[in-house]
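Heads up, the thing below is written out as structure tokens.
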Amino acid sequence: MSLLYDLFFDYTLRNVALGTLLLGLGSGAIGSFMTLRGESLIGDAIAHATLPGVVLAYLLTSTKDPLLLLSGAAIAGILGIGAIMGLTRTTKIDSDGANGIILSIFFGFGLLLLTYIQKLPDASQAGLDRFIFGQAATIVASDVALIAIVQGVVLLTLILFFKELKSSTFDPQSTTVMGFNRKIIDAIFATLLVAVIVTGLQTVGVILISALLVTPAAAARQWTHSLKTMVILSSLFSGISGMVGSLISATEMNLPTGPIIVLVLTAIVVISLLFGSRRGLVIKKVSQYRRQGHFDERRILLALDELSRSHDQRGLYHSHHTISLLVGERHSMRRLLAKLVKEGAILKEGDAYLLSKQGEATVASLALEEVHHDR
Amino acid sequence: MTAEIIIIATLASLACAIPGIFLLLKRMALISDAISHSILPGIVIGFLFRQSLNTPYPIVGAVLFAMVMVITVEALNRSALVKGDTAIAIVFPPLFSIGVVLVSLYANNVHLDTDAVLLGELAFAPFDRMMLFGHSLPKSLVKMAIILVMNLTIMLLLFKELKVSTFDPVLSRSLGFSPSLLHYLLMFITSVTAVGAFDSVGAILVLAFMITPTATALLLTNSLLVMVLITFAISSASSLLGVLLAIRIDSGISGAITTIMGLFFITAYLFSPTVGVVTKIRNKQRIALEYALSIVLYHLLHHCEEDDMETECSYGHLRLQFNYSPRYMRKVVHTGVRRGLIEQIGEVFHLTESGKETHVDTFRLHH
Chain A
1 MSLLYDLFFD
11 YTLRNVALGT
21 LLLGLGSGAI
31 GSFMTLRGES
41 LIGDAIAHAT
51 LPGVVLAYLL
61 TSTKDPLLLL
71 SGAAIAGILG
81 IGAIMGLTRT
91 TKIDSDGANG
101 IILSIFFGFG
111 LLLLTYIQKL
121 PDASQAGLDR
131 FIFGQAATIV
141 ASDVALIAIV
151 QGVVLLTLIL
161 FFKELKSSTF
171 DPQSTTVMGF
181 NRKIIDAIFA
191 TLLVAVIVTG
201 LQTVGVILIS
211 ALLVTPAAAA
221 RQWTHSLKTM
231 VILSSLFSGI
241 SGMVGSLISA
251 TEMNLPTGPI
261 IVLVLTAIVV
271 ISLLFGSRRG
281 LVIKKVSQYR
291 RQGHFDERRI
301 LLALDELSRS
311 HDQRGLYHSH
321 HTISLLVGER
331 HSMRRLLAKL
341 VKEGAILKEG
351 DAYLLSKQGE
361 ATVASLALEE
371 VHHDR
Chain B
376 MTAEIIIIAT
386 LASLACAIPG
396 IFLLLKRMAL
406 ISDAISHSIL
416 PGIVIGFLFR
426 QSLNTPYPIV
436 GAVLFAMVMV
446 ITVEALNRSA
456 LVKGDTAIAI
466 VFPPLFSIGV
476 VLVSLYANNV
486 HLDTDAVLLG
496 ELAFAPFDRM
506 MLFGHSLPKS
516 LVKMAIILVM
526 NLTIMLLLFK
536 ELKVSTFDPV
546 LSRSLGFSPS
556 LLHYLLMFIT
566 SVTAVGAFDS
576 VGAILVLAFM
586 ITPTATALLL
596 TNSLLVMVLI
606 TFAISSASSL
616 LGVLLAIRID
626 SGISGAITTI
636 MGLFFITAYL
646 FSPTVGVVTK
656 IRNKQRIALE
666 YALSIVLYHL
676 LHHCEEDDME
686 TECSYGHLRL
696 QFNYSPRYMR
706 KVVHTGVRRG
716 LIEQIGEVFH
726 LTESGKETHV
736 DTFRLHH
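And the structure:
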């Protein structure tokens, strides 16, 4: 309960929880588009590419005003995403390679600058490296306001351009045919992505921000086939994980916020991959099992029908063994037979079975179905 | 000491380059980034086991975690639940996070902080020394030398197999080399190299060392063997220049080396003789000029020794006819004059004898 109390009345915790919640809402939404476009790792590359922007902004202005540093980060991020798109278009380097190259060149250069200013006698640059790892605890109310504004604008733009982004994600050619300018849509997408990443730097840092984009989207995908639902779910997953993660990390163990948020998100994605209602592994197995069972039931009925036809005398009961000779040995045979008896499709006497009237009707309808199929 | 740092940097960059070449060509460059992040928990657990980084446990732990990552990613890709790089992007962050959490829980007060692991510091490498055959050598130097020899041996022994499985996995299988075995071998040497390099280069820039020189080489050649040689040359040159740059401006070494590698890449991107951006623009301009010259020649031939030659073949008329800017028109005509195809008599241009012949040739070529 004290955690809930703190959530409302502890200044730092409130800022952190609110900041990560808002960040998650935006990142989950734009992350869905990023993942569906097959560019899951571009977020990681852009995040790393922002580092030289932060350091150069500091070098040029000698202030640590977050707005200024983040503007530097945004410019570097835009340059990075432009360079990645340019490289994949103009050379034989694939998107993986382009991401890796831009990531490493930009980050390496950023690190060169960072280590350079860290050794300058003036010590005021201390704390710039928090952008690499993120320090949620340093967030103040003005940072939360910035996050809120940026995420608000991002979500609003997503809603306004939903149709255009949707078509450019799934069918880039049709986008052009429908008369949207693809370059402009791609630029809007890139800008939104950079905006979300840049606002996440202070909280979760360069390395883990990509997880806030991709992981909730991958989780949401398992529950729905509709883009709208996926975007909303992904946004919620990311937002909730942000808040839950920051609360967990605020407990007495004093765990780092970014990694905990990522672990919460990962728990969600694991659950979704296993139990997701649309594609989840468990659901798939269960429905496969059900289909198999249904199929085997029909085969038992057909086998009994065939047995009764091949004997002159009607009303003979046939043993479990005989049926399994026709259907094939199944572990589930006893269970299925018991189920059919219960449903009244077959009659049981000792270990032998016979089609009931109802069972015969089912077989007849199966045969009819087959005739329909054949036509 | 500078010499030692340069040697360690060169060994590390060469060792990284070998798996990097094949990773880039197999279009899976970022798996090396994922590996270098995923090994963190393995290193921490191995470290906690004996409270020291100088035991084999961190390396064993790291390789185990790298393999866990690779296998999980492949299982996810096979399940078709996620597509493309998504599997990589959702598997390595939690592993890395576990590593960071473990560090903050257990290793806060000892020599193992995330800064050192992620960013690396080559400058301290010469202080950590060991005795080998009566010589005192930095441990990192010995470690990177062993890894480089291992990678080189594997590459030399399996060059043909790696080449075939990289470019044509189906052919490779039909020839009897298992592509998946080679794939896991590649993943294994990538992990071992990443572990070996992480404390000097840092986890993030392992990626830079692995793929930037290779990508540069890819822009310069189409032959695998030449590519390997160019990669090695760029890696060594970047290490040398990077260390010198870092000492000169007093910055971190791995960042400086990566920056030099980046400069090599940008240079190749702009000026590569085959695919460079500037080269392509120049080629386009050259073709445009050739075309402009050939139609001017055709025009001159058409009006040569006709009554309207005086007006049709004057500079002003040519410019009106083809609608070129004065500057471009002059350039076209000058090119013709320089090649001895056109001569100017008064205000009128004439085809020279060789101009007529050349033109007949191009005319035949076009029809």
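As given, the protein sequences belong to chains A and B, one line each in that order. Note that the working numbering gives residue 321 to position 321 of the first sequence, counting from 1, and the numbers run on in steps of one. The number in the working numbering is simply the position in the second sequence, starting from 1, with 375 added. All residues carry an ideal CB built from backbone N, CA and C; glycine is no exception.
field: Buried/exposed call for Thr-565/B, threshold 16 Cβ in 10 Å
entry: The residue given as residue 565/B occupies position 190 in the second sequence. Thr-565/B should be labelled buried.
- request: Kindly provide the ranges of any alpha helix (DSSP H) runs that are 4 or more residues long and lie completely inside the stretch 670–700 of chain B, ordered along the chain.
  value: 684–687, 690–697
query: Which residues in the same chain as Thr-710/B place their Cβ atom closer than 8 Å to its Cβ, once the five residues preceding and following it in sequence are excluded?
result: Working through the second sequence from its first residue, we reach residue 710/B at position 335. Answer for Thr-710/B: Leu-664, Leu-668, listed in chain order.
Thr-733/B versus Phe-640/B - alpha carbon distance: Here residue 733/B refers to the residue found at position 358 when the second sequence is read from its first residue. Here residue 640/B refers to the residue found at position 265 when the second sequence is read from its first residue. Each residue's Cα considered, the two are about 41 Å apart.
query: Between Ser-32/A and Ser-167/A, is the Cβ-Cβ spacing less than 7 Å?
result: If you number the first sequence from 1, residue 32/A lands on position 32. If you number the first sequence from 1, residue 167/A lands on position 167. No, the Cβ-Cβ distance between Ser-32/A and Ser-167/A is not below 7 Å.
message: Tell me which residues share the same chain as Ala-98/A and place their Cβ nearer than 6 Å to its Cβ, disregarding the 5 neighbours each side in the sequence.
response: To locate residue 98/A, count along the first sequence from 1; it is residue 98. Correct list, in chain order: Ile-84, Leu-87, Thr-88.
- prompt: So, helix, strand or coil for Gln-426/B, using DSSP?
  reply: As a position in the second sequence, residue 426/B is number 51, starting the count at 1. Coil at Gln-426/B, not helix or strand.
task: Would you kindly work out how many angstroms separate the C-alpha atoms of Asp-408/B and Ile-414/B, rounded to a whole number?
output: What you label residue 408/B is simply residue 33 of the second sequence in a count that begins at 1. What you label residue 414/B is simply residue 39 of the second sequence in a count that begins at 1. Spanning the two alpha carbons is a distance of roughly 10 Å.
task: For Tyr-353/A, write down the residues that DSSP places opposite it in a beta bridge.
output: Taking the first residue of the first sequence as position 1, residue 353/A is located at position 353. Tyr-353/A is bridged to His-318/A, Lys-348/A.
query: Exposed or buried, what is Lys-357/A when buried is set at 16 or more other beta-carbons lying within 10 Å of its beta-carbon?
result: Sequence index remark: in the first sequence, residue 357/A carries index 357 (1-based). By the C-beta density criterion, Lys-357/A is exposed, having fewer than 16 other C-beta atoms within 10 angstroms.
- prompt: Looking at the structure shown, is His-742/B part of a helix, part of a strand, or coil, going by DSSP?
  reply: As a first step, residue 742/B must be located in the second sequence, where it is residue number 367. For His-742/B, the pLDDT reaches just 48, beneath the cut-off of 50, and the residue's location in the model is therefore unreliable, although a value from the coordinates is still provided. If DSSP states are grouped into helix, strand and coil, His-742/B belongs with coil.
query: For Ile-42/A, which option in Gly-80/A, Ile-75/A, Tyr-11/A has the closest C-alpha, if you only look at C-alpha atoms?
result: Along the first sequence, read from residue 1 onward, the residue named residue 42/A stands at position 42. For the residues Gly-80/A, Ile-75/A, Tyr-11/A, the minimum Cα distance to Ile-42/A belongs to Gly-80/A.
Chain A residues whose Cβ lies nearer than 9 Å to that of Ser-479/B: Residue 479/B sits at position 104 when you count from the first residue of the second sequence. Going along chain A in sequence order, the residues near Ser-479/B (Cβ under 9 Å) are Met-253, Asn-254, Leu-255, Pro-256, Pro-259.
- prompt: Quick one: is Gln-222/A buried, meaning 16 or more other Cβ sit within 10 Å of its Cβ, or exposed?
  reply: Residue mapping note: residue 222/A aligns to position 222 of the first sequence, counting from 1. When all chains shown are included, Gln-222/A counts as buried.
Nearest candidate by alpha-carbon position, reference Gly-359/A, set Ser-308/A, Asp-312/A, Ser-319/A, Glu-329/A: If you number the first sequence from 1, residue 359/A lands on position 359. The candidate whose alpha carbon is nearest that of Gly-359/A is Ser-308/A.
- prompt: What residue range is occupied by the uninterrupted alpha helix (DSSP H) comprising Arg-714/B?
  reply: Translated into positions along the second sequence, residue 714/B becomes position 339. Run containing Arg-714/B: none; DSSP gives neither H nor E here.
- prompt: Does DSSP put Arg-702/B in a helix, a strand or coil?
  reply: Here residue 702/B is taken as the residue at index 327 of the second sequence, counted from 1. Three-state DSSP puts Arg-702/B in a helix.
query: Is the beta carbon of Gly-495/B less than 7 Å from the beta carbon of Val-419/B?
result: Translated into positions along the second sequence, residue 495/B becomes position 120. Translated into positions along the second sequence, residue 419/B becomes position 44. Against a cut-off of 7 Å, the Cβ pair of Val-419/B and Gly-495/B comes out as no contact.
message: Check whether the stretch 617–630 of chain B and the stretch 50–69 of chain A touch, using three or more Cβ-Cβ pairs below 8 Å as the test.
response: no
field: Residue of Ile-393/B, Gln-660/B, Val-581/B, Leu-405/B minimising C-alpha distance to Asp-96/A
entry: Looking up residue 96/A in the first sequence gives position 96. The residue with the shortest Cα to Cα distance from Asp-96/A is Leu-405/B.
- request: Measure from the alpha carbon of Phe-161/A to the alpha carbon of each residue in Ala-148/A, Ile-149/A, Thr-175/A, then state which is nearest.
  value: Here residue 161/A is taken as the residue at index 161 of the first sequence, counted from 1. Comparing Cα positions, the closest option is Thr-175/A.
Reduced DSSP secondary structure (H/G/I, E/B, other) of Val-570/B: On the second sequence, residue 570/B is found 195 positions in, with the first residue counted as 1. Helix, per DSSP.
- prompt: Which class does Val-214/A belong to by DSSP, given the choice of helix, strand or coil?
  reply: Locating residue 214/A in the first sequence gives position 214, counting from the first residue. Helix, per DSSP.
Cα-Cα separation between Ile-635/B and Phe-109/A, rounded to whole angstroms: Position 260 of the second sequence, counting from 1, holds the residue named residue 635/B. Position 109 of the first sequence, counting from 1, holds the residue named residue 109/A. Separation of Ile-635/B and Phe-109/A (C-alpha to C-alpha, rounded to the nearest whole angstrom) is 9 Å.
- prompt: Whole-angstrom Cβ separation of Leu-326/B and Leu-273/A, contact assumed at under 8 Å?
  reply: Lying before the first or after the last residue shown, residue 326/B is absent from chain B, which here runs from 376 to 742.
message: Going by DSSP, what residue range makes up the beta strand (DSSP E) through Leu-512/B?
response: For the purposes of this step, residue 512/B is identified with residue 137 of the second sequence, where counting begins at 1. Start and end: 510–513.
- request: Ignore the nearest five residues each way along the sequence and tell me which others in Ile-46/A's own chain have a CB closer than 7 Å to its CB.
  value: Position 46 of the first sequence holds residue 46/A. Excluding sequence neighbours, Ile-46/A sits near Gly-77, Gly-80, Ile-81, Leu-193, Val-194, Ile-197.
task: Examine chain A for any beta-carbon lying closer than 7 Å to the beta-carbon of Ser-547/B, and answer yes or no.
output: In the second sequence, residue 547/B corresponds to position 172, counting from 1. It does not: the Cβ of Ser-547/B has no partner Cβ on chain A nearer than 7 Å.
Alpha helix (DSSP H) runs contained entirely in the stretch 154–225 of chain A, provided each spans 4 or more residues: 162–170, 172–177, 182–221
- request: Could you name the residues of the stretch 624–639 of chain B whose beta carbon sits closer than 8 Å to any beta carbon of chain A, in the order they occur along the chain?
  value: Ile-624, Asp-625, Ser-626, Gly-627, Ser-629, Gly-630, Ala-631, Ile-632, Thr-633, Thr-634, Met-636, Gly-637
query: Bridge partners of Met-506/B, per DSSP?
result: Translated into positions along the second sequence, residue 506/B becomes position 131. For Met-506/B, which the question treats as bridged, DSSP gives the partners Ser-511/B.
Under 7 Å by beta carbon: chain A residues contacting Met-403/B: The count along the second sequence starts at 1 and reaches residue 403/B at position 28. Ordered by position in chain A, the residues that pass the 7 Å Cβ test against Met-403/B are Asp-96.
Pairwise C-alpha distance: Arg-290/A and Glu-580/B: Counting from one through the second sequence, the residue named residue 580/B turns up at place 205. Counting from one through the first sequence, the residue named residue 290/A turns up at place 290. Checking the displayed sequence, the identity of residue 580/B turns out to be Leu instead of Glu. Cα to Cα, Leu-580/B sits roughly 50 Å from Arg-290/A.
- prompt: Taking 7 Å as the CB-CB limit, is Asp-460/B close to chain A?
  reply: Taking the first residue of the second sequence as position 1, residue 460/B is located at position 85. So, interface residue.
query: What does Phe-109/A reach in chain B if we use C-beta pairs closer than 9 Å?
result: Position 109 of the first sequence, counted from the start, is the residue given in the question as residue 109/A. Gly-630, Thr-633, Thr-634, Gly-637, listed in chain order.
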